[in-house]
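Top line first, the protein sequences correspond to chains Z and A. Residue numbers for the first sequence follow the numbering used here, beginning at 216 and rising by one. Residue numbers for the second sequence follow the numbering used here, beginning at 18 and rising by one. These notes concern the structure reproduced below.
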Amino acid sequence: MLLHLGALVVAVAVLAPLGWSALASISSQADLVARPFRWWPTAFTFDRYAEILTGVGGVGETFRAAMLNSTIVAVATVVIAIIVGVLGAYAFARLRFRFRRPTLMVFLVSYMLPQVALLIPLYLILSTFGLLDTRLGLVVVNCSLVIPFTLWILSNYFVTIPQELEEAARVDGTTRMGALFRIVLPAARPGIFAAIMFSFLLAWDEFMYALIFTSSDAAKTVPVAISEFAGRYTTDFGLVAAGGLIAAIPPVLIAVIFQRYVVSGMASGAVKG
Amino acid sequence: MAFWLLLPAAVAVFGVVLYPILRTLFISFFHVDSALATDTPFVGLENYGTAVTDPGFWAAMGRTLYFTVVSTAIELVIGLGLAGLLNAKLRARWLFRAIVVIPWALPTIVNAAMWKGVFNAQYGSLNGVLTTLGITDHYVAWLGDPFLALNMVILADAWKTIPLVAFFLLAGLTTIPGELYEAAKVDRASWPRIFRSVVLPMLVPSISIVLVLRTVEAFKVFDIVYAMTRGGPANGTQTIAFYAYIKAFSDQDFGVGSALSFLIVLAILAITTLYLRLLRRSEMSLL
Chain Z
216 MLLHLGALVV
226 AVAVLAPLGW
236 SALASISSQA
246 DLVARPFRWW
256 PTAFTFDRYA
266 EILTGVGGVG
276 ETFRAAMLNS
286 TIVAVATVVI
296 AIIVGVLGAY
306 AFARLRFRFR
316 RPTLMVFLVS
326 YMLPQVALLI
336 PLYLILSTFG
346 LLDTRLGLVV
356 VNCSLVIPFT
366 LWILSNYFVT
376 IPQELEEAAR
386 VDGTTRMGAL
396 FRIVLPAARP
406 GIFAAIMFSF
416 LLAWDEFMYA
426 LIFTSSDAAK
436 TVPVAISEFA
446 GRYTTDFGLV
456 AAGGLIAAIP
466 PVLIAVIFQR
476 YVVSGMASGA
486 VKG
Chain A
18 MAFWLLLPAA
28 VAVFGVVLYP
38 ILRTLFISFF
48 HVDSALATDT
58 PFVGLENYGT
68 AVTDPGFWAA
78 MGRTLYFTVV
88 STAIELVIGL
98 GLAGLLNAKL
108 RARWLFRAIV
118 VIPWALPTIV
128 NAAMWKGVFN
138 AQYGSLNGVL
148 TTLGITDHYV
158 AWLGDPFLAL
168 NMVILADAWK
178 TIPLVAFFLL
188 AGLTTIPGEL
198 YEAAKVDRAS
208 WPRIFRSVVL
218 PMLVPSISIV
228 LVLRTVEAFK
238 VFDIVYAMTR
248 GGPANGTQTI
258 AFYAYIKAFS
268 DQDFGVGSAL
278 SFLIVLAILA
288 ITTLYLRLLR
298 RSEMSLL
């Protein structure tokens, strides 16, 4: 009973600010700024959603371009980071080679480094290759954030898979690569789901690189667009809330759907998500 | 074989992380006052001297320390309780876990924008709720006072991070064998006692990892500060990473900005060494 009460309190603490933002996004401006505070708006408006989703020029166009950019950048980052991560993790989990431990540590440390310390050189590198304000440039820098993470989480998962399965297959003449794809990967499915979820969230959330390395609708991502709205439309919180809620849908849906992999991912990850 | 398997990861990470970090170290020894500067004299350690003799640096370090201690304490205490709730045999446990996961999945910038709205001095719902309930009699500018604003940013950050900490501790809780609880119950141990002598010792590895990782995160915190307060008011929410960013990009002093960034890197490396030692002591078979 007490536990259920506690759970209820937590649920309210989580849902209250979200619920108010959702209400604000459909409240009339008069209701939003009314004093005394109105718990429930007297008039509803869906104009802000209409503006964001269908409006020509200005806010709507920027927002839709940003959603498309974010989707492309995040999906590309996840695909690359998972493939590269699977190959590298297999090496760490199964092969013995010189400098194995130092190499693993370098990857782990690189994940800890602050983005602010990489901004100036990365800006120069991207500009040399003509990758400033492009989605490709963002995919490259995001991969450097996400790959150490997938590498770590997948390595930890692969070592938990019994080696005998693989050895049996290799006695039957399967190559190492064959064993990786036919034995290890299917057995590691929960770990891979966890890695996909965590890396999508990381990529979708990335802000600092996108802020500095993009300047137009050609590559600007959703976090940058939202932060611009929040800076520019300080009086119309409803518009910021509407954009923010739409921007939150992809990661929140993925996290809720893959929720049961969160704990196993944390257990094998030991790194922030 | 291992070489070829690791090559793609190495190219991505070394090219985009290690090479730039060395270049930042390099820039920190030169005087660079514009992105296009051609005249960049070598100044040795002067930028580091300039950085650490600036009172702004120590103020930012102080705020970072405050941020670390307060947010980690809140997150650990509430996170432990929440981990227990997540582990409990609740009805509709799936639904409860799904709700708790939401703040963690919410993009940092969206979280920041949402709390900026909640704390707003004119229309924010926090003011609305507090005055309606009669707790305060006037609207407070939550982000208008430097120290209050820092605490509000910490609160907004904690709201998003507590679920992460809780799920991480839950992962540790699930490794505690059921027999331990059974044995404690046979001994008629009280719940606080079970917590102190069974749960807490088993959670020590997870808790220490959380402590280290959250400290590293506090040194890196940037996004939420940028979106909520831009470091203001009166630099009250400028943590060290934000301070380094301002030095490099607003003040266009890339040499000092790089020196500052590299000092953050050194601090993080020191903390990470501790982290690696903790990982090796826990049962991570990889290291």
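Quick reminder that beta carbons are idealized off the backbone N, C-alpha and C, glycines included. For clarity, every value in this text was computed on a predicted model and none was experimentally measured.
Every alpha helix (DSSP H) stretch that sits fully inside the stretch 65-128 of chain A and reaches 4 residues is listed by chain position as 72-104, 110-122.
Flagged as an interface residue toward chain Z: G145/A, by a C-beta distance shorter than 7 Å. Partner residues in the beta bridge of F59/A, as assigned by DSSP, are F47/A.
If you look at S267/A, you'll find it isn't in any alpha helix (DSSP H); DSSP assigns it neither H nor E.
For the pair M282/Z and T436/Z, the Cα-to-Cα distance works out to about 7 Å. Residues of the stretch 219-238 of chain A with a C-beta less than 7 Å from any C-beta of chain Z: I226, L230, V233, E234, F236, K237, listed in chain order. Rounded to the nearest angstrom, the gap between the Cα atoms of A109/A and Y372/Z is 29 Å. Annotated three-state conformation of F259/Z is strand, per DSSP.
At a cut-off of 7 Å, the C-beta of P120/A has a neighbouring C-beta in chain Z.
Straight-line spacing of the CA atoms in L172/A and L39/A works out to 35 Å. Per DSSP, the continuous alpha helix (DSSP H) segment holding Y198/A begins and ends at 195-203. In this structure, T81/A is the residue among P25/A, T81/A, F74/A with its C-alpha nearest to the C-alpha of E234/A. With 16 or more neighbouring CB atoms inside 10 Å of its own CB, W235/Z falls in the buried class. Excluding sequence positions up to five before and after L454/Z, its CB lies within less than 6 Å of the CB of R263, Y448, all in the same chain and listed in chain order. For T450/Z, there is no enclosing alpha helix (DSSP H), since its DSSP letter is neither H nor E.
The beta carbon of S88/A does not come within 7 Å of any beta carbon belonging to chain Z, so the residue lies off that interface. Burial state of M18/A is exposed, judged by a 10 Å Cβ sphere holding fewer than 16 other Cβ atoms. The beta-carbon of I287/Z is placed no less than 7 Å from the nearest beta-carbon of chain A.
Contact between the stretch 57-68 of chain A and the stretch 202-216 of chain A is absent: fewer than 3 CB-CB pairs across the two stretches fall below 8 Å.
With a 10 Å radius around the Cβ and a threshold of 16 neighbouring Cβ atoms, V49/A comes out buried.
By the criterion of a C-beta distance shorter than 7 Å, A251/A is surrounded in its chain by P163, once the five residues flanking it on both sides are discounted. Beta-carbon to beta-carbon, M481/Z and F184/A are separated by about 5 Å, close enough to satisfy the 8 Å threshold. Sequence-distant Cβ neighbours of I116/A in its own chain, meaning closer than 8 Å and more than five residues away, do not exist here.
Neighbourhood of V127/A in chain Z, by CB distance below 7 Å: I441, G459, A462, A463, in chain order. For N144/A, the uninterrupted alpha helix (DSSP H) segment begins and ends at 142-149. With respect to Y476/Z, P405/Z sits close: the two C-beta atoms are nearer than 7 Å. Take V288/Z, set aside five residues on each side of it, and the residues of its chain with a beta-carbon closer than 7 Å to its own are R350, L353, V354, N357, A418, T436, in chain order.
Contacts with chain A (Cβ-Cβ distance below 7 Å) from the stretch 361-380 of chain Z involve I362, P363, L366, S370, N371, V374, listed in chain order.
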